[in-house]
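Residue numbers (my numbering): 5 to 84.
Quick reminder that beta carbons are idealized off the backbone N, C-alpha and C, glycines included.
Please read all numbers here as calculations on a predicted model, not as lab measurements.
Since the structure comes first, as structure tokens, the remarks are kept for the end.
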Amino acid sequence: MADLGAWLGAVGTELAVPVEEVLPQTAQDEMLALTSEIAHSVVRVAVPLTSYLMGVAVGRGASPEDALRIVRELLPTDDE
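Structural data, given as structure tokens:
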């Protein structure tokens with residue numbers, strides 16, 4: 005399945021998660037940009053595990069924006 009929208013729709017349906025409600029296009033874009041940074045500045049295998057932890061945090065009440073911000077702030081800077 006090469007169509008990201010179809011894949012997310014199928015996953016959302018099977019997990020009973022309304023994709024269009026919880027992962028709108030802007031959130032997808034932010035998540036993809038952040039995970040790209042993680043893959044290139046931390047280590048590639050950190051991406052799915054970090055994404056999972058962010059999802060758990062959101063499930064426990066954190067806002068998606070806060071989860072993105074917190075993880076973004078943890079990324080190494082050029083100074084490190």
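CA-CA distance, residue i and residue j?
i     : j     : result
Gly13 : Glu41 : 25 Å
Ala6  : Val15 : 14 Å
Leu72 : Val46 : 16 Å
Tyr56 : Pro22 : 17 Å
Glu18 : Trp11 : 11 Å
State the DSSP-derived secondary structure class of residue i, mapped to helix, strand or coil.
i     : result
Pro28 : coil
Thr17 : helix
Leu79 : coil
Pro68 : helix
Quick check on the burial criterion: 16 or more other C-beta atoms within 10 angstroms. Buried or exposed for residue i?
i     : result
Val75 : buried
Leu38 : buried
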